[in-house]
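Quick notes on the structure that follows.
Number of protein chains: 2
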Amino acid sequence: MIEIEARKEAASRTARLDAVFAALADPTRRAIIERLSRREARVTEVAEPFHMSLNAVSKHIRVLEASGVVERHRKGRDHILSVNTHSLDEVDGWIERIRCYWEERLDAMERVLRELKKDQTSGSKERKRGSR
Amino acid sequence: MIEIEARKEAASRTARLDAVFAALADPTRRAIIERLSRREARVTEVAEPFHMSLNAVSKHIRVLEASGVVERHRKGRDHILSVNTHSLDEVDGWIERIRCYWEERLDAMERVLRELKKDQTSGSKERKRGSR
Chain A
8 MIEIEARKEA
18 ASRTARLDAV
28 FAALADPTRR
38 AIIERLSRRE
48 ARVTEVAEPF
58 HMSLNAVSKH
68 IRVLEASGVV
78 ERHRKGRDHI
88 LSVNTHSLDE
98 VDGWIERIRC
108 YWEERLDAME
118 RVLRELKKDQ
128 TSGSKERKRG
138 SR
Chain B
8 MIEIEARKEA
18 ASRTARLDAV
28 FAALADPTRR
38 AIIERLSRRE
48 ARVTEVAEPF
58 HMSLNAVSKH
68 IRVLEASGVV
78 ERHRKGRDHI
88 LSVNTHSLDE
98 VDGWIERIRC
108 YWEERLDAME
118 RVLRELKKDQ
128 TSGSKERKRG
138 SR
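Taken in sequence, the protein lines are chains A and B.
According to the working numbering, the first sequence holds residues 8 to 139 in order.
According to the working numbering, the second sequence holds residues 8 to 139 in order.
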């Protein structure tokens, strides 16, 4: 039972990562996120700076909402958009993991190099001693 | 001249971000990156764990190469793949910027709340003094 739950959780984490990375792969959507991370705003305010139809911007907003990066709530007649920064945590965590692997490899290589250098130094000392 | 260069640089940075985020938006491609960040490997080694044709994996590898996340070099007859971790720096930087905006907003809200609280406290002291 626990294993099935864990597998489900891993599958939905994978789907979330897919959706967030895909949402971030567009300059208009990244600009919307930058705008909203400074201040929540109405859909029309978000659309204003872009040279495209409100409909086109709305499509981008729907992609952002589906990915969980942007949230919508109502304030009277207005639809207010805001960024859910926690949605970026998993993405951040994934990149961090890649960096960790990489750094472990660099550390391992450094250790090997240090050992080689030590062996070389003691080897040349041995040779010097032998030549006396 | 400098402005044109700056605009070109911004445009290519945008294109790089688009390409890297799109490359990361697929579980097979993320698994390939995880694999390569531990150790560089031949194309056939990378393809091995996946239940798909070598051709399908090769397509994913080409997307990763086009985005700059994966690099290829030849060692004799073998094509060796490795991860270019610097390709993730810009992506990391972008997420970091969003977090900064967000934290600035939280700090500003906290300041306002503190001010409000201070005003309230001194206000209630004034009232107490007035009621004596």
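Virtual Cβ for every residue (Gly too), placed ideally from N, Cα, C.
Q) With DSSP run on the structure shown, which of helix, strand or coil describes A:Val76? A) The DSSP-derived three-state label of A:Val76 is coil.
Q | Per-residue contacts from A:Pro34 into chain B (C-beta, under 7 Å) | A | Result: Thr21 and Asp25.
Q: Please name the residues in the segment 35-59 of chain B whose beta-carbon is closer than 8 Å to at least one beta-carbon of chain A, in chain order.
A: So the list reads Arg37, Ile40, Glu41, Ser44, Arg45 and Arg46, given in the order they occur along the chain.
Q.
For chain B, check one thing: does any of its Cβ atoms lie closer than 9 Å to the Cβ of A:Arg99?
A. Here the sequence assigns Asp to residue 99 of chain A, which means Arg is not the residue at that position. Chain B contact via Cβ: present.
Q | Residues that DSSP places opposite A:Asp85 in a beta bridge | A | Answer is A:Lys82, bridged to A:Asp85.
Q) According to DSSP, which residues form a beta bridge with B:Ala32? A) Per DSSP, B:Ala32 has no beta bridge partner at all.
Q: Determine the direct distance from the alpha carbon of B:Glu52 to that of B:Arg112, and round the result to whole angstroms.
A: Spanning the two alpha carbons is a distance of roughly 47 Å.
Q. Is the shortest distance between the beta-carbon of A:Arg112 and the beta-carbons of chain B less than 9 Å?
A. Under the 9 Å criterion on CB atoms, A:Arg112 is classed as interfacial with respect to chain B.
Q: Please go through the same chain and pick out, in chain order, the residues whose beta-carbon is closer than 7 Å to the beta-carbon of B:Glu47, but skip the five residues on each side of it.
A: For B:Glu47, where only same-chain residues beyond five positions count, the Cβ hits under 7 Å are Ile87, Leu88 and Ser89.
Q) What span of residues does the alpha helix (DSSP H) with A:Thr51 cover, start to end? A) Where A:Thr51 is concerned, the enclosing alpha helix (DSSP H) stretches over Val50 to Ala54.
(Q) Checking 9 Å against the spacing of the C-beta atoms, do B:Trp109 and A:Leu31 come in under that value? (A) No, the pair does not count as a contact, with Cβ atoms beyond the cut-off.
Q) How about the segment 70-83 of chain A and the segment 92-99 of chain A: do they share at least three Cβ pairs that are nearer than 8 Å? A) Three or more Cβ pairs drawn from the segment 70-83 of chain A and the segment 92-99 of chain A lie within less than 8 Å of each other, which places the two stretches in contact.
Q: For B:Thr4, return the contacting residues in chain A, with the cut-off set at a CB-CB distance below 8 Å.
A: No answer is possible for residue 4 of chain B: the residues shown for chain B start at 8 and end at 139.
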